[in-house]
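Chains as they are written, first to last, in our numbering: chain A, 2 to 77; chain B, 52 to 679. Each residue gets a CB set at the ideal place from its N, CA and C atoms; glycine is no exception. Fair warning: this is a prediction, and the values are worked out from it, not measured in the lab.
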């Protein structure tokens, strides 16, 4: 069984990928599984939003979830 | 009895070597709350406009907040403030580490210092008492040796020391204040103010702990917060990679400041990012009771660029300042430059800007090796950067002019060098390009301290659904990083007051609202539980605005006006390449944004807060200070 989720990538994460796309994942997949599928190194992701709420890498995804990934930003 | 704070402000007169304690009362504490506002209050009350920042009449403030020292991750910072010798405007810089909480444990919420000692001294503050100690054996030492020497002299290894190095002693106008050679009040030259007062260091030791009104509730929130830090992605990134993790993203986005802000993509960025950093990484460090552990220590047994784990590891700002900004991809040299600055007490952001300025002047034949006794200073040469650090700290040759900061140095050099001297209100630029983050550009233009990347949250974080992080303060529309429209002014105005909570309450934004693990709701709950006040997000954000208006009035009084609320010429020119090629800040659009910000803030067209605004903020006492 698989699920389909909607993924938005921002700024540098879009390079060689996409701005917005539907992605198919195995049932029970987490945000981290999505990250690996998109070949996104952990250090390239600053912010994870799932359905317009703060998400975590361990979070399990449901069919139709909307995931936004934003690179790390500013400070130091 | 107050909860969370001591109710005591320590006043020091260095000239007379006397001290006394002021107890301003709960209403004062609740009005101003901490850090930047405490500092603004005393600078406005005690300083005469036009005072030379390096004269005994300047007032130097070390300030914590009403909640500093509460056992919550990141609630450990403090402010050092004075009139800035670099900008001649409001000077302020925050640092983490252990000094702030220790000052609270020693019985004081802030220290207000006036005058000048006849001979070098340092202050030793322990459990409510103050000693003026002879610094004859400490003066001249670098920050690390000074730390060890002071620990030995007071006979206590647990003493926390905020000190200056030789740069502060020699009044380099971008000298910083170090604590533990790992944490720095870096910006606006506060180290030179200590130097001008013959004050080598402030050492503090306190054996009590702060009491909270509801200690169990504070513990509950701290536990929830620490657990969230372990899973919240921005904090996971900081814990795993520290701020070096930012290099890659900023370069990929086309806004990594490169060769004096000329470009936004650096071809050598892969040699400076977190992967490369792993080769010199020694261990992680942290600040008082913080679960994030974002600090990095570096070590390398190298003949040319030796790195000592006790002298600090470069953060993002330094990596960009000594890396892409000067066209250098040698991370070892970045680490070495950082450690020299840490020992000497130099702000790495300013030093990187100074270096890039000299390099671009060389490239254009404005400066030549005749100006430097034969040394060529070219982009991409890390050893030129290390050489300049020594010249500046010794105030030798061209270093003596550069020690005055980029703005003054370019005025003295002349010959057209001004076109490559990029400062805002005289302050050198932190390493973020406003063409790719227009809200942050507004922050650079409008901050009382001049170019300041901690003035507002960076636009990029609030794209798409990311804006949900600011829903609690009423921002509902996603942020477009490249736009300078009215939506951006709204984002900036709200974001600035939300983000400003961290500076006001001396909280590290890497643990806090609006991006990291703390939520607005739980932050307010924690302030209530610590202080026992029936407070709200509204009351705290009003105090943030009060703080900003006070520092604004300080600058107006010093002669700054709307003409100083601007960014650098280069950002009004198109980005020459990379992902945001062609992007520039349109001058008229940017000016319009600033004017609308004045309007929504209750400021007039000359950027002066109206009397009505002062009444709202309980600041009528400042009306006579307003220039007519």
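*Answer yes or no: the CB of residue 421 of chain B versus the heavy atoms of the ligand MG, is any distance below 7 Å?*
By its list of ligands, the structure shown contains no ligand whatsoever, and the ligand MG lies outside what it can speak to.
*Among A:24, A:71 and A:16, nearest to residue 48 of chain A - alpha-carbon criterion*: Selected option, being the one with the closest Cα: A:71.
_Given this structure, state the Cα-to-Cα distance separating residue 65 of chain B from residue 207 of chain B, to the nearest angstrom._
Distance between the alpha carbons of residue 65 of chain B and residue 207 of chain B: 24 Å.
*Which bits of chain B does residue 19 of chain A rub up against, with CB to CB less than 8 Å?*
Residues of chain B whose Cβ lies closer than 8 Å to the Cβ of residue 19 of chain A do not exist, since the nearest Cβ in that chain is about 14 Å away.
*asked:* Let's test the definition: count the other Cβ atoms within 10 Å of the Cβ of residue 596 of chain B and tell me whether it reaches 16, buried, or not, exposed.
replied: Buried, by the Cβ-count rule.
*asked:* With a threshold of 8 Å between beta-carbons, can residue 364 of chain B be considered close to chain E, or not?
replied: Annotation note: the requested chain E is absent from the structure, which comprises protein chains A and B.
*To which residues does DSSP link residue 498 of chain B through a beta bridge?*
In the DSSP output, where bridge partners are listed per residue, residue 498 of chain B has none listed.
*Throw me the rounded Cβ distance for the residue 94 of chain B and residue 132 of chain B pair, which I believe falls under 8 Å.*
Sure, about 7 Å apart at Cβ, within 8 Å.
*CB contact check: residue 45 of chain A to chain B, cutoff 8 Å*: Interface residue, yes.
*Beta carbon proximity, residue 4 of chain A to chain B, threshold 8 Å*: No, residue 4 of chain A lies away from the interface with chain B (no Cβ there is under 8 Å from its Cβ).
*asked:* Could you tell me which whole alpha helix (DSSP H) segments of length 4 or greater appear in the region 473-559 of chain B?
replied: Within the region 473-559 of chain B, complete alpha helix (DSSP H) segments of at least 4 residues are found at 489-497 and 537-555, given in chain order.
*For residue 351 of chain B: DSSP bridge partner residues*: BP columns for residue 351 of chain B point to B:358.
*Since residue 440 of chain B is in the alpha helix (DSSP H), which residue starts that stretch and which ends it?*
Looking at the DSSP string, the run of the alpha helix (DSSP H) that includes residue 440 of chain B is 433-445.
*asked:* Please list, in chain order, the residues of the region 57-70 of chain A that have any C-beta partner in chain B closer than 8 Å.
replied: Contacts with chain B (Cβ-Cβ distance below 8 Å) from the region 57-70 of chain A involve 57, 58, 59, 67 and 69, listed in chain order.
*Quick one: Cα of residue 345 of chain B to Cα of residue 661 of chain B, how far?*
C-alpha separation (whole angstroms): 42 Å.
*Would you list the one or two residues that DSSP bridges to residue 239 of chain B?*
In DSSP, residue 239 of chain B forms no bridge with anything.
_Nearest-angstrom Cα separation, counted from residue 442 of chain B out to residue 450 of chain B_ = Note on geometry: alpha-carbon atoms of residue 450 of chain B and residue 442 of chain B lie some 5 Å from one another.
_Bounding residues of the alpha helix (DSSP H) (the contiguous stretch that carries residue 292 of chain B)_ = Looking at the DSSP string, the run of the alpha helix (DSSP H) that includes residue 292 of chain B is 284-292.
*Count the other CB atoms, across all protein chains shown, that sit within 10 Å of the CB of residue 625 of chain B; report buried if there are 16 or more and exposed otherwise.*
Exposed: under 16 other Cβ atoms inside 10 Å.
*Using alpha carbons as the reference points, say which of B:218, B:104 and B:196 lies closest to residue 447 of chain B.*
Among B:218, B:104 and B:196, the Cα nearest to that of residue 447 of chain B belongs to B:218.
*residue 100 of chain B versus residue 193 of chain B: straight-line alpha-carbon distance, rounded*: Between residue 100 of chain B and residue 193 of chain B, the C-alpha separation is close to 33 Å.
*asked:* Within 10 Å of its beta-carbon, does residue 665 of chain B have 16 or more other beta-carbons around it, so buried, or fewer, so exposed?
replied: With 16 or more Cβ atoms within 10 Å of its Cβ, residue 665 of chain B is classed as buried.
*CB residue 682 of chain B to CB residue 532 of chain B, shorter than 8 Å?*
Nothing can be reported for residue 682 of chain B: it is not among the residues displayed for chain B, which extend from 52 to 679.
*Check whether the region 348-361 of chain B touches the region 404-411 of chain B, counting contact only when three or more Cβ pairs, one atom from each stretch, lie closer than 8 Å.*
Output reads no: the region 404-411 of chain B does not touch the region 348-361 of chain B.
_Span separating the alpha-carbon of residue 501 of chain B from that of residue 477 of chain B_ = Taking the straight line from one Cα to the other gives about 7 Å.
*asked:* Does the CB of residue 479 of chain B have a neighbour CB from chain A at under 8 Å?
replied: No, its Cβ sits nowhere closer than 8 Å to a Cβ of chain A.
*Ends of the alpha helix (DSSP H) at residue 9 of chain A?*
For residue 9 of chain A, there is no enclosing alpha helix (DSSP H); the enclosing beta strand (DSSP E) has its first and last residue at 3-10.
*Starting from residue 602 of chain B and walking both ways along the alpha helix (DSSP H), at which residues does that stretch end?*
Where residue 602 of chain B is concerned, the enclosing alpha helix (DSSP H) stretches over 588-608.
_Bounding residues of the alpha helix (DSSP H) (the contiguous stretch that carries residue 302 of chain B)_ = DSSP places residue 302 of chain B in the uninterrupted alpha helix (DSSP H) bounded by 297-304.
*If you check the beta carbons only, do residue 548 of chain B and residue 511 of chain B fall under 8 Å apart?*
No, they are not a contact pair.
*Report all residues from its chain with a CB closer than 6 Å to the CB of residue 309 of chain B; omit the five preceding and five following residues, and keep chain order.*
317 and 375, listed in sequence order.
*Can you give me the Cβ contacts of residue 77 of chain B inside the same chain, cut-off strictly under 8 Å, excluding the 5 residues immediately before and after it?*
Here residue 77 of chain B has 53 and 58 as same chain residues with Cβ atoms under 8 Å from its own Cβ, once five neighbours each way along the sequence are excluded.
*Would you check if the distance between the CB atom of residue 311 of chain B and the CB atom of residue 473 of chain B is smaller than 8 Å?*
Yes; because the gap between Cβ atoms is below 8 Å, this pair is in contact.
*Of all Cβ atoms in chain A, is any one closer than 8 Å to the Cβ of residue 514 of chain B?*
Answer yes: the Cβ-Cβ gap between residue 514 of chain B and chain A drops below 8 Å somewhere.
*In the DSSP assignment, find the unbroken alpha helix (DSSP H) run with residue 31 of chain A in it and report its ends.*
No alpha helix (DSSP H) contains residue 31 of chain A, which DSSP labels as neither H nor E.
*asked:* Between residue 31 of chain A and chain B, is the shortest Cβ-Cβ distance under 8 Å, so that the two count as touching?
replied: Cβ-Cβ to chain B under 8 Å: no for residue 31 of chain A.
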